[in-house]
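Colleague:
Residue numbers (the numbering used here): 1 to 193.
#1: My guess is that residue 29 and residue 111 are in contact by the Cβ rule of under 8 Å, so how many angstroms apart are they, rounded?
#2: With contact counted as at least three CB pairs below 8 Å, one residue from each stretch, are the region 82 to 98 and the region 154 to 162 in contact?
#3: Can you give the beta carbon distance from residue 32 to residue 163, rounded, assuming they're within the 8 Å contact cut?
#4: State the start and end residues of the unbroken alpha helix (DSSP H) segment that holds residue 15.
#5: Do the region 134 to 141 and the region 159 to 173 touch if we need at least three Cβ pairs shorter than 8 Å?
#6: My guess is that residue 82 and residue 61 are in contact by the Cβ rule of under 8 Å, so how many angstroms apart are they, rounded?
#7: Given that a residue counts as buried once 16 or more other Cβ atoms are within 10 Å of its Cβ, and exposed if not, what is residue 181?
#8: Does the region 49 to 56 touch the region 181 to 191, meaning 3 or more C-beta pairs lie closer than 8 Å?
#9: Is residue 193 buried or exposed, if buried means 16 or more other CB atoms sit within 10 Å of its CB?
#10: What is the DSSP secondary structure of residue 161, counted as helix, strand or coil?
#11: Among 41, 36, 107 and 79, which has the Cα closest to the Cα of residue 57?
#12: Relative to the alpha-carbon of residue 87, which residue among 98, 102 and 46 has its alpha-carbon at the smallest distance?
#13: Within the continuous beta strand (DSSP E) that includes residue 121, where are the two ends?
Right under this line is the structure:
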């Protein structure tokens, strides 16, 4: 690649991804985030749980409204509804936290290295920087009909020497992404040989 084009791509990558420590002449070839389908699953779970709470509250409040049944007296109903609202708010907060953790995972492939940011908890994150020429194997895995139907999967990369395996789940079109990464690895190995 011509040096002037490499400089332009480097400048553009520095502007678009200021948080990446790019070296001179290094530019982002591929920026991967997790599939939006995962967010649908998170919020779908929250919605189902909220519907369950609302259904439970409706059944309990209608059956307990007749104080002759010996249930909760009418004076305790405001506390019951506060409990239901508190549970509902806790579910929404759990959904927001789940979304933050899910979106906190990314993979950036440059012409020289791979930057992987992993978030497994609200206060648990890690970053890995892998030189492309050190990657020995790159592959993907689709497990089950769900992954196959929605064309999502897990990218897997193994390094030479320390034999570390890096994975990045919930990737859209993993076959295309693996082909691109494999091509960049091949070019990097040719450059370093």
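Just so it is clear, CB atoms sit at the ideal spot from N, CA and C, and this is done for glycine as well.
Modeller: Taking the coordinates as given:
#1: Indeed they touch by this definition, with Cβ atoms about 6 Å apart.
#2: Because the criterion of three Cβ pairs below 8 Å is not met, the region 82 to 98 and the region 154 to 162 do not touch.
#3: No, residue 32 and residue 163 are not in contact; Cβ-Cβ is about 23 Å, not under 8 Å.
#4: Residue 15: member of the alpha helix (DSSP H) spanning 3 to 16, first to last residue.
#5: Segments in contact, yes.
#6: Contact doesn't hold; Cβ gap of about 13 Å is too wide.
#7: Counting C-beta atoms within 10 angstroms of its own C-beta, residue 181 has 16 or more neighbours from the protein chains shown and is therefore classed as buried.
#8: Not touching, per the Cβ criterion.
#9: Exposed is the label assigned to residue 193, since fewer than 16 other Cβ atoms lie within 10 Å of its Cβ.
#10: It is coil, neither helix nor strand.
#11: Residue 79 holds the alpha-carbon nearest to the alpha-carbon of residue 57 among 41, 36, 107 and 79.
#12: Restricting attention to 98, 102 and 46, the CA atom closest to the CA of residue 87 is found in 46.
#13: Here the beta strand (DSSP E) through residue 121 covers 113 to 121.
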